[in-house]
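Sequential numbering from 5 applies to the sequence shown in the working numbering.
Have a look at the structure below before the remarks.
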Amino acid sequence: MSSTRQEIAMLRGPVPAVHTPLDDAGESLRLDVIPAYLEHLRRAGAPAAYVCGSTGESLSLTVSERCRILEAWVEAAGTDLPIIAHVGSNALPDAIELARHAAGIGVAAISAMNPTFGRARKVEDLVDFHARIADAGDQTPYLVYEISAFGGVSFPAGEVVETALKRVPTFAGMKFTSGDLLQLQLALEVAGAEGLAIFFGSDEHLLAGLSLGCRAAIGSTYGYAPAPAQAVFEAFERGDLQAARKAQRTTARLVLPLLRHGVLRTGKALLGQVGVSVGPPRSPECALEATELEAVLDEIASLGIQGLQTGGGNC
């Protein structure tokens, strides 16, 4: 499902960053899980899906695996759910190959994180890295993925957006995953004037992102616990700040045990609890132990999130 820059900017609400289904050993892909996974997202009201990002373990996968995963998602989605493909890699030739493949099978947009190894000395050099990836995607809208926790290169987000507007013809915006709200404001200032999308990527700070001007978000918790984030969006849009804060506190309390036990391994376990078994992460990450999962479920039981109670679902 190809899209225009304007269509990407019109996306609203919490977009799930999806996990990659693996076998019980965390080695082989389980592509057969993806149709049911997509149906789970559709029933939950997801506006799109972000595939093979950091949640999807992209940097632990081969190029061939990433192509096969994306093909499975695009086939399952049909014309019903926009697929945003993360194609980023420290190896620029791999990112170019992935972008060309993603555009060829008709994704709604492509996205790439800044390289985590090798340091651009100027913002223009970083944007030129992205421009070469975007060019391989032909006319497919392109999102820069800024994730400060991964280290590597980082420049002021507003400068990146402004420079990308000049150098990347298909530039459609940014996935901004950071708690640096000053940089978010600077990015939004430029993006808003140009009709670009800034997808907020910090689930635990969602309300802050909305208050500054974001209209959509991409995050891992939205795949297995979208209701609190949806409540934040709905309350904010109707001007009920008290309700929005209450829903945001639920998301924040959900994120706390993820940070304690590991976001990736805990997220995959919780997704199993709501009926989508995606296996453990790939090595060197490891599966959540049964006692750890029990502790997580006990901690979040009072939040009232459907499926995330002790003893429920599949894992």
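C-beta atoms are modelled at their ideal positions from N, C-alpha and C, and glycine is treated no differently.
Because the structure is a prediction, the values reported are computed rather than measured.
Need the endpoints of the beta strand (DSSP E) that residue i sits in, please.
{"i": "His90", "result": "87-90"}
{"i": "Ile222", "result": "220-223"}
{"i": "Ser115", "result": "113-117"}
{"i": "Phe204", "result": "201-204"}
When DSSP builds the beta bridges, which residues end up paired with residue i?
{"i": "Lys272", "result": "Answer by DSSP bridge pairing: none, since Lys272 is not bridged."}
{"i": "Ile151", "result": "Thr181"}
{"i": "Gly363", "result": "In the structure as shown, the chain begins at 5 and stops at 319. Residue 363 is therefore absent and cannot be evaluated."}
{"i": "Leu297", "result": "Per DSSP, none; premise fails for Leu297."}
{"i": "Val55", "result": "Ala89"}
{"i": "Leu26", "result": "Leu33"}
{"i": "Tyr146", "result": "Ile114, Phe175"}
Once the 5 residues before and after residue i are set aside, which same chain residues still bring their CB inside 6 Å of it?
{"i": "Tyr41", "result": "Val280"}
{"i": "His105", "result": "Cys71"}
{"i": "Pro39", "result": "Ala80"}
{"i": "Ala107", "result": "Gly141, Asp142, Thr144"}
{"i": "Ala50", "result": "Pro20"}
{"i": "Gly199", "result": "Ala13"}
{"i": "Ala48", "result": "Pro230"}
{"i": "Ile341", "result": "With the chain running from 5 to 319 in the structure shown, residue 341 is simply not present."}
{"i": "Val194", "result": "Gly162, Val165, Glu166"}
{"i": "Ser224", "result": "Ala21, Thr59, Gly271"}
Would you report the Cα separation of residue i and residue j, rounded to the nearest angstrom?
{"i": "Gly266", "j": "Phe203", "result": "23 Å"}
{"i": "Leu268", "j": "Ala76", "result": "21 Å"}
{"i": "Leu35", "j": "Glu163", "result": "39 Å"}
{"i": "Ser68", "j": "Ser158", "result": "28 Å"}
{"i": "Thr59", "j": "Ala103", "result": "19 Å"}
{"i": "Glu208", "j": "Gln252", "result": "7 Å"}
{"i": "Glu61", "j": "Ala197", "result": "34 Å"}
{"i": "Ala305", "j": "Arg123", "result": "43 Å"}
{"i": "Cys56", "j": "Arg257", "result": "26 Å"}
{"i": "Leu192", "j": "Ala29", "result": "42 Å"}
{"i": "Ala290", "j": "Leu297", "result": "It should be noted that the sequence gives Cys, not Ala, for residue 290. Cα to Cα, Cys290 sits roughly 13 Å from Leu297."}
{"i": "Cys319", "j": "Ala99", "result": "Since pLDDT at Cys319 reaches only 34, below the 50 mark, its modelled position is unreliable, and the value read off the structure follows with that caveat. In a straight line, the C-alpha of Cys319 is about 33 Å away from that of Ala99."}
{"i": "Tyr146", "j": "Leu45", "result": "23 Å"}
{"i": "Leu33", "j": "Tyr54", "result": "18 Å"}
{"i": "Met178", "j": "Leu275", "result": "26 Å"}
{"i": "His23", "j": "Glu31", "result": "14 Å"}
{"i": "Pro25", "j": "Arg242", "result": "37 Å"}
{"i": "Phe240", "j": "Pro18", "result": "13 Å"}
{"i": "Val4", "j": "Thr8", "result": "Lying before the first or after the last residue shown, residue 4 is absent from the chain, which here runs from 5 to 319."}
{"i": "Ile309", "j": "Val259", "result": "13 Å"}
{"i": "Tyr226", "j": "Glu43", "result": "14 Å"}
{"i": "Glu303", "j": "Lys170", "result": "48 Å"}
{"i": "Ala201", "j": "Gly283", "result": "33 Å"}
{"i": "Glu11", "j": "Asp27", "result": "36 Å"}
How far does the alpha helix (DSSP H) with residue i in it reach, from first residue to last?
{"i": "Ile100", "result": "96-108"}
{"i": "Arg249", "result": "245-265"}
{"i": "Glu69", "result": "67-81"}
{"i": "Val131", "result": "127-140"}
{"i": "Phe237", "result": "230-241"}
{"i": "Ala305", "result": "First-last for Ala305: undefined, no H or E at that position."}
{"i": "Pro39", "result": "38-47"}
Please go through the same chain and pick out, in chain order, the residues whose beta-carbon is closer than 7 Å to the beta-carbon of residue i, but skip the five residues on each side of it.
{"i": "Tyr210", "result": "Residue 210 is actually Leu in this sequence, not Tyr. Only Phe204, Ala221, Ala233, Val236, Gln252, Thr255 meet the Cβ criterion."}
{"i": "Leu262", "result": "Thr270, Gly271"}
{"i": "Arg136", "result": "Leu96, Ile100"}
{"i": "Arg219", "result": "Arg16"}
{"i": "Ala168", "result": "Val131, His134, Val148, Phe175"}
{"i": "Leu185", "result": "Ala212, Leu216"}
{"i": "Gly315", "result": "Reliability fails at Gly315, whose pLDDT of 48 lies under 50, so the model's placement of it is uncertain and no value is given."}
{"i": "Val300", "result": "Pro261, His265, Thr270"}
{"i": "Val127", "result": "Phe159, Glu163, Val164, Thr167"}
{"i": "Leu382", "result": "No information on residue 382 is available, as it lies outside the stretch 5 to 319 that the chain covers here."}
{"i": "Ser287", "result": "Gly30"}
Ignore the nearest five residues each way along the sequence and tell me which others in residue i's own chain have a CB closer than 8 Å to its CB.
{"i": "Leu65", "result": "Thr24, Cys56, Ile73, Arg286"}
Original post:
Should the stretch 205-218 be regarded as contacting the stretch 233-251, the criterion being three or more beta carbon pairs within less than 8 Å?
Top reply: yes
Original post:
Is it a yes or a no for the stretch 127-143 touching the stretch 173-182, going by three-plus beta-carbon pairs under 8 Å?
Top reply: For the pair of segments examined, the stretch 127-143 was found to touch the stretch 173-182: the number of CB pairs separated by less than 8 Å reaches three.
Original post:
Three or more beta-carbon pairs under 8 Å between the stretch 110-119 and the stretch 85-98, yes or no?
Top reply: Segments in contact, yes.
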